[in-house]
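**Q**
In the numbering used here, the protein residues as written are 10 to 240.
(1) So which of 112, 98 and 221 has the shortest CA-CA distance to residue 162?
(2) Tell me which residues share the same chain as residue 43 and place their Cβ nearer than 6 Å to its Cβ, disregarding the 5 neighbours each side in the sequence.
(3) Which full runs of the alpha helix (DSSP H) of 4+ residues lie inside the region 174-207, going along the chain?
(4) Quick check on this structure: which residue in 62, 191 and 212 has the alpha carbon closest to the alpha carbon of residue 275?
(5) Tell me where the alpha helix (DSSP H) around residue 43 begins and ends.
(6) Decide yes or no for the touch test of the region 32-49 against the region 76-90: beta carbon pairs closer than 8 Å, at least 3 of them.
(7) Just verifying my parser: in three-state terms, what is the DSSP assignment at residue 76?
(8) Consult DSSP for residue 115 and reduce its assignment to one of helix, strand or coil.
(9) List the DSSP bridge partners of residue 29.
(10) If you run the structure through DSSP and keep just helix, strand and coil, what is residue 154?
(11) So what's residue 97 in DSSP terms, helix, strand or just coil?
(12) Whose C-alpha, out of 119, 115, 28 and 38, is nearest the C-alpha of residue 208?
(13) Identify which residue in 41, 49 and 90 has its Cα closest to the Cα of residue 61.
(14) How many whole angstroms separate the CB atoms of residue 104 and residue 157, which I take to be in contact at a CB cut-off of 8 Å?
(15) Residues bridged to residue 133 by DSSP?
(16) In whole angstroms, give me the CA-to-CA distance for residue 138 and residue 206.
(17) In terms of DSSP beta bridges, what is residue 34 paired with?
(18) How big is the Cα-Cα spacing for residue 69 and residue 37?
Here's what the structure looks like:
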C-alpha cells in the first residue's frame, strides 16, 4: 500500500445528508476480488460516514456506452448528489470513496494502466500526452480525459450534459476508435467541468486482467528461485 496522505479534509462532514450512487459496470460475472473490495469500501464508508446514503445501480452487458448510460439514468432518477463509477475489473482500497469525496471536485478519478502492453496509463492531457503516476507522484493533476474504472462525478456536472452521455468515436490521426470514457470527459469539459486525477489514490488501485502462463516463464525464473521439490 502506498503511504497515505495526512488527515484529509472531508468535504461532507458527519450528519450532512448526501446521496451517492454506486454505478457498477459489469459483464455477466465479476471477480471475487472486486466483490471483496466493494464490500470493504461500503463497510468502511458507512462506519466513517453513517449518514451518507449509498445507492446501487448496476447494469451488465458488453456494450459499455449503454451499460454506463443505464447506471447514470438510474442514479439521476434517484436524485443522487454524486456518482461513483466502478468497473468490475478494478481493485481499490476501503477508503477509496472517502478519498475522492475529500477532493470535492466536479470530476476526480484514479489513474491505472491498460491491461495489454505497453501498459499506458489511462490519464491523458492534450495532444495525447500520457499522465504517469510515478512512485513519488502525489496530489491532484488536471487532465483532459481519464478512464472511468474508478471515477467520482458530481451529479450537477452531468446534468449540464444532454444525452447521449457516452459514445464511441474515431481518432483519424491514429486510425483507432476512442472509448466512451473519452467522449464523456469531453462533454463534461464542454459543460464547464474540470477533470482531475488523484495520484495518491492511484497508488492503491489495480486493473485486473488475465494472464497466460507459459513454460518460458518457469525457465526464466528457475535460476532465481530457491531449490524446492514442490510443484
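Backbone N, C-alpha and C define an ideal beta-carbon position, used for all residues, glycine too.
**A** Answer, in terms of the structure:
(1) Locating residue 162 in the chain shown gives position 153, counting from the first residue. Nearest C-alpha to residue 162: 112.
(2) In the chain shown, the residue the question calls residue 43 occupies position 34. These residues qualify, in order along the chain: 97.
(3) Listed in chain order, they are 189-199.
(4) Given a span of 10 to 240 for the chain in the structure shown, any question on residue 275 remains unanswerable.
(5) Numbered from 1 along the chain shown, position 34 holds the residue referred to as residue 43. Looking at the DSSP string, the run of the alpha helix (DSSP H) that includes residue 43 is 41-57.
(6) yes
(7) Taking the first residue of the chain shown as 1, we reach residue 76 at position 67. Helix, per DSSP.
(8) Here residue 115 is taken as the residue at index 106 of the chain shown, counted from 1. Three-state result, residue 115: coil.
(9) Here residue 29 corresponds to residue number 20 of the chain shown, with the count starting at 1. Residue 29 is bridged to 63 and 91.
(10) The count along the chain shown starts at 1 and reaches residue 154 at position 145. Note: residue 154 maps to strand in three-state DSSP.
(11) Working through the chain shown from its first residue, we reach residue 97 at position 88. Residue 97 falls in the coil class under three-state DSSP.
(12) As a first step, residue 208 must be located in the chain shown, where it is residue number 199. Looking at 119, 115, 28 and 38, the one whose alpha-carbon comes closest to that of residue 208 is 119.
(13) Taking the chain shown and counting its residues from 1, one reaches residue 61 at position 52. For the residues 41, 49 and 90, the minimum Cα distance to residue 61 belongs to 90.
(14) Taking the chain shown and counting its residues from 1, the one referred to as residue 104 is at position 95. Taking the chain shown and counting its residues from 1, the one referred to as residue 157 is at position 148. Rounded, the Cβ-Cβ distance is 20 Å, inconsistent with contact.
(15) Against the chain shown, residue 133 aligns to sequence position 124. In DSSP, residue 133 forms a bridge with 139 and 154.
(16) Here residue 138 refers to the residue found at position 129 of the chain shown. Here residue 206 refers to the residue found at position 197 of the chain shown. Rounded to the nearest angstrom, the two C-alpha atoms are 14 Å apart.
(17) Here residue 34 corresponds to residue number 25 of the chain shown, with the count starting at 1. Bridge partners of residue 34: 68 and 96.
(18) Residue mapping note: residue 69 aligns to position 60 of the chain shown, counting from 1. Residue mapping note: residue 37 aligns to position 28 of the chain shown, counting from 1. Roughly 6 Å between the two C-alpha positions.
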